[in-house]
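Working notes, structure below.
Number of protein chains: 2
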Amino acid sequence: MSVEARIEQALKAALAPVVSPPKLAAALPYAVFPGGARVRPTILLSVALACGDDRPDLSDAAAASLELIHCASLVHDDLPAFDDADTRRGKATVHRAYSEPLAVLAGDSLIVLAFDTISRAAGLAPDRGLALVSTLATRTGAPLGICAGQAWESEQSINLSDYHRAKTGALFIAATRMGAISAGHDPEPWEELGARIGEAFQVADDLKDALQTEAETGKPVGQDAAHMRPNAVARLGVAGAMAHMQNILAGAISSIPSCPGEAHLAQLVTAYARRLTGQPATRPA
Amino acid sequence: MSVEARIEQALKAALAPVVSPPKLAAALPYAVFPGGARVRPTILLSVALACGDDRPDLSDAAAASLELIHCASLVHDDLPAFDDADTRRGKATVHRAYSEPLAVLAGDSLIVLAFDTISRAAGLAPDRGLALVSTLATRTGAPLGICAGQAWESEQSINLSDYHRAKTGALFIAATRMGAISAGHDPEPWEELGARIGEAFQVADDLKDALQTEAETGKPVGQDAAHMRPNAVARLGVAGAMAHMQNILAGAISSIPSCPGEAHLAQLVTAYARRLTGQPATRPA
Numbered sequence: 001m002s003v004e005a006r007i008e009q010a011l012k013a014a015l016a017p018v019v020s021p022p023k024l025a026a027a028l029p030y031a032v033f034p035g036g037a038r039v040r041p042t043i044l045l046s047v048a049l050a051c052g053d054d055r056p057d058l059s060d061a062a063a064a065s066l067e068l069i070h071c072a073s074l075v076h077d078d079l080p081a082f083d084d085a086d087t088r089r090g091k092a093t094v095h096r097a098y099s100e101p102l103a104v105l106a107g108d109s110l111i112v113l114a115f116d117t118i119s120r121a122a123g124l125a126p127d128r129g130l131a132l133v134s135t136l137a138t139r140t141g142a143p144l145g146i147c148a149g150q151a152w153e154s155e156q157s158i159n160l161s162d163y164h165r166a167k168t169g170a171l172f173i174a175a176t177r178m179g180a181i182s183a184g185h186d187p188e189p190w191e192e193l194g195a196r197i198g199e200a201f202q203v204a205d206d207l208k209d210a211l212q213t214e215a216e217t218g219k220p221v222g223q224d225a226a227h228m229r230p231n232a233v234a235r236l237g238v239a240g241a242m243a244h245m246q247n248i249l250a251g252a253i254s255s256i257p258s259c260p261g262e263a264h265l266a267q268l269v270t271a272y273a274r275r276l277t278g279q280p281a282t283r284p285a
Numbered sequence: 286m287s288v289e290a291r292i293e294q295a296l297k298a299a300l301a302p303v304v305s306p307p308k309l310a311a312a313l314p315y316a317v318f319p320g321g322a323r324v325r326p327t328i329l330l331s332v333a334l335a336c337g338d339d340r341p342d343l344s345d346a347a348a349a350s351l352e353l354i355h356c357a358s359l360v361h362d363d364l365p366a367f368d369d370a371d372t373r374r375g376k377a378t379v380h381r382a383y384s385e386p387l388a389v390l391a392g393d394s395l396i397v398l399a400f401d402t403i404s405r406a407a408g409l410a411p412d413r414g415l416a417l418v419s420t421l422a423t424r425t426g427a428p429l430g431i432c433a434g435q436a437w438e439s440e441q442s443i444n445l446s447d448y449h450r451a452k453t454g455a456l457f458i459a460a461t462r463m464g465a466i467s468a469g470h471d472p473e474p475w476e477e478l479g480a481r482i483g484e485a486f487q488v489a490d491d492l493k494d495a496l497q498t499e500a501e502t503g504k505p506v507g508q509d510a511a512h513m514r515p516n517a518v519a520r521l522g523v524a525g526a527m528a529h530m531q532n533i534l535a536g537a538i539s540s541i542p543s544c545p546g547e548a549h550l551a552q553l554v555t556a557y558a559r560r561l562t563g564q565p566a567t568r569p570a
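First to last, the sequence lines map onto chains B and P. Per our numbering, the very first residue in the first sequence carries number 1; after that it's consecutive. Per our numbering, the very first residue in the second sequence carries number 286; after that it's consecutive.
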């Protein structure tokens, strides 16, 4: 089965037990399907495959749990108290479609479901399961996770490096670490790959926010300028930000640890770089 | 060390790693200290002690995790989109003291921290750790947890039994089940005790909401009537609700499974009943 199909199937399985109350039970799949590019679970499964993927049930559950956290963060970030967004992925945001209380509860429920999904799959490998719970929690909460990243925007003075690493980097670091853990490998050597992909993604997102139209992204643009958030394009210009991203992705490729699937994973990052920049990231000799 | 001291110490230990960003790092302890009666973690530790409490580190972490989820639910329930409460436990609610974005993120972070706390403590007993994660997730999310309970209030037609069991009962069921799991016992026989204490607590809360003043409860009163929520006092009258609660607590005591600490636990529920009603619950012969 393709990685794409595994992710969609795992997400469907994770959501299946939520049958009531009716509106909440409808709001959850609304927030998760149809998805975006599913970048984070794709990276997770790619790393798991590169490490041998000896427990595909567990890596599928890990991939679903990571995407559930990402979807939860989108639902909460779209709330009136944050971005006050009307649209997301080309349709009404959850609070516009269902109400603000249901959006808060849908986000909460998706966070909880993420941990539930790991615990249900971990029966035969409890040590890996607990390491997955711990890693996902660290990269979701505070001080190192996306909650902390979002909360930096409430500070008068932002620690930019902590901000970016937590706001965007955290779930990419979770992706590579959780991929390794799912397959029984040490997650430490995989952190840098996640961090660098996260950095590249942040710069790509800054470029998109600055350059594209709302019709192209499916969500409101110019949000960074409107909310005075730090942005690589404002700092480096368009050409500078593009070159910066290219460098980061080349570094990502050279950071891939020795493993059976190393070459395939390098190809995947290169393809990803091509999609983000229109140019291939070259692998250093 | 007393149960009370164990709970406060475990909560402090759980929150210690959150050092930034500054406002979020301050909002989390603000939401957790000083606490209310800490009823749920007290029940959890009492059940763990009744079962032998052979891994107090794990039962302490479980107790903290359960209280963190309870605190998270209070922060989110107080938000303008729900109760729009100005005060809680005699001081400003988190969104009034810190802002609405920080209240959303504080709730999210506390949920995540709850699962993190279990995973960090479970090293030597990974099977129990995963069962704790799973139980806490089930009683927090949907369809059986407090998120589902709150979401029932967004429905036109409420399933009253599902509503009460999820909204108030869920974390009491979590308390008894998690207490048993922490000590390596089967959680199934403990579910009824949690469910009955939860029912009694709901009736007591209905009585408080109907009868007490805001100064006495430290939070706005008359919220059930204002939000048209189902309430036992409206259904049975004050005397009827009081008698109902008394019956439920007697049933709770008779449901306690055979275990080394059975007698002590029965005393504890009796004391709890006396506090709630002013009269002792009698144990059926």
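Where a beta carbon is used, it is the ideal one built from N, C-alpha and C, also for glycine. Values in this document were obtained by computation on a predicted structure and should not be read as measured data.
Does residue i pass the burial test, meaning 16 or more other C-beta atoms within 10 Å, or should it be called exposed?
i: Glu-473 (chain P); result: exposed
i: Leu-58 (chain B); result: buried
i: Ser-446 (chain P); result: exposed
i: Ala-570 (chain P); result: Unreliable placement is indicated for Ala-570 (chain P), whose pLDDT of 39 sits below 50; the coordinate value is still reported in the next sentence. Classification for Ala-570 (chain P): exposed.
i: Leu-276 (chain B); result: buried
i: His-549 (chain P); result: exposed
i: Tyr-557 (chain P); result: buried
i: Glu-547 (chain P); result: exposed
i: Ser-2 (chain B); result: exposed
i: Lys-91 (chain B); result: exposed
i: Ala-290 (chain P); result: exposed
i: Asp-209 (chain B); result: buried
i: Arg-38 (chain B); result: buried
i: Ala-524 (chain P); result: exposed
i: Ser-134 (chain B); result: buried
i: Asp-362 (chain P); result: buried
i: Gly-483 (chain P); result: buried
Which bits of chain P does residue i rub up against, with CB to CB less than 7 angstroms?
i: Pro-22 (chain B); result: Glu-440
i: Ala-48 (chain B); result: By Cβ distance, chain P contributes nothing, its closest Cβ being about 19 angstroms from Ala-48 (chain B), past 7 angstroms.
i: Ala-151 (chain B); result: Pro-306, Lys-308, Leu-309, Leu-387, Leu-390
Tell whether a beta-carbon distance below 8 angstroms holds between residue i and residue j.
i: Cys-432 (chain P); j: Ser-119 (chain B); result: no
i: Ala-347 (chain P); j: Met-463 (chain P); result: yes
i: Ala-170 (chain B); j: Leu-144 (chain B); result: yes
i: Leu-15 (chain B); j: Leu-28 (chain B); result: yes
i: Ala-436 (chain P); j: Leu-24 (chain B); result: yes
i: Val-233 (chain B); j: Leu-249 (chain B); result: no
i: Ser-99 (chain B); j: Leu-193 (chain B); result: no
i: Leu-417 (chain P); j: Gly-129 (chain B); result: no
i: Arg-89 (chain B); j: Gly-36 (chain B); result: yes
i: Asn-532 (chain P); j: Asp-491 (chain P); result: no
i: Ala-200 (chain B); j: Ala-252 (chain B); result: yes
i: Trp-190 (chain B); j: Pro-260 (chain B); result: no
i: Gln-212 (chain B); j: His-164 (chain B); result: no
At 8 angstroms on the CB atoms, spell out the chain P contacts of residue i, in chain order.
i: Ala-62 (chain B); result: None at all; the shortest Cβ gap to chain P is about 14 angstroms.
i: Ile-256 (chain B); result: None at all; the shortest Cβ gap to chain P is about 27 angstroms.
What in chain P is Cβ-close to residue i, meaning under 9 angstroms?
i: Asp-162 (chain B); result: Ser-305, Pro-306
Since residue i and residue j should fall inside the 8 angstroms C-beta cutoff, what is the C-beta to C-beta distance between them, to a whole number of angstroms?
i: Gln-440 (chain P); j: Pro-22 (chain B); result: Before going on, a small fix: residue 440 (chain P) reads as Glu here, not Gln. With 8 angstroms as the limit, Glu-440 (chain P) and Pro-22 (chain B) qualify as a contact, their Cβ atoms being about 6 angstroms apart.
i: Ala-316 (chain P); j: Ala-391 (chain P); result: 6 angstroms
i: Leu-44 (chain B); j: Ala-175 (chain B); result: 4 angstroms
i: Ala-399 (chain P); j: Leu-353 (chain P); result: 4 angstroms
i: His-185 (chain B); j: Cys-51 (chain B); result: 4 angstroms
i: Ala-142 (chain B); j: Val-332 (chain P); result: Wrong, their Cβ atoms sit about 30 angstroms apart, outside the cutoff.
i: Arg-139 (chain B); j: Ile-173 (chain B); result: 6 angstroms
i: Leu-66 (chain B); j: Pro-41 (chain B); result: 5 angstroms
i: Asp-339 (chain P); j: Ala-468 (chain P); result: 6 angstroms
Closer than 7 angstroms by beta-carbon distance: list the chain B residues that pair up with residue i, in chain order.
i: Thr-425 (chain P); result: Val-112
i: Ser-384 (chain P); result: Ser-154
So which residues on chain B does residue i lean against when the C-beta distance must stay under 9 angstroms?
i: Pro-428 (chain P); result: Pro-17, Val-18, Val-19, Ser-20, Pro-21, Leu-24, Ala-25
i: Ala-433 (chain P); result: Val-18, Ser-20, Pro-21, Leu-24, Ala-25, Leu-105, Ser-109
Taking residue i as the query, report the chain B residues whose CB atoms sit under 8 angstroms from its CB, ordered along the chain.
i: Ala-535 (chain P); result: The premise fails here: Ala-535 (chain P) is roughly 31 angstroms from chain B at the closest Cβ pair, so nothing lies under 8 angstroms.
(request) May I ask you to list, following chain order, the residues of the stretch 399-422 of chain P that have a beta carbon less than 7 angstroms from some beta carbon of chain B? (result) Phe-400, Asp-401, Ser-404, Arg-405, Ala-407, Pro-411, Asp-412, Gly-414, Leu-415, Val-418, Ser-419, Ala-422
(message) Counting only Cβ-Cβ distances shorter than 9 angstroms, please list the residues of the stretch 71-92 of chain B near chain P, keeping chain order.
(response) Ala-72, Ser-73, His-76, Leu-79, Pro-80, Ala-81, Phe-82
(request) Compile a chain-ordered list of the residues in the stretch 386-398 of chain P whose CB is closer than 9 angstroms to at least one CB of chain B. (result) Pro-386, Leu-387, Ala-388, Val-389, Leu-390, Ala-391, Gly-392, Asp-393, Ser-394, Leu-395, Ile-396, Val-397, Leu-398
(request) With 8 angstroms as the limit, tell me which residues of the stretch 462-475 of chain P have their beta carbon closer than that to any beta carbon of chain B; keep them in chain order. (result) none
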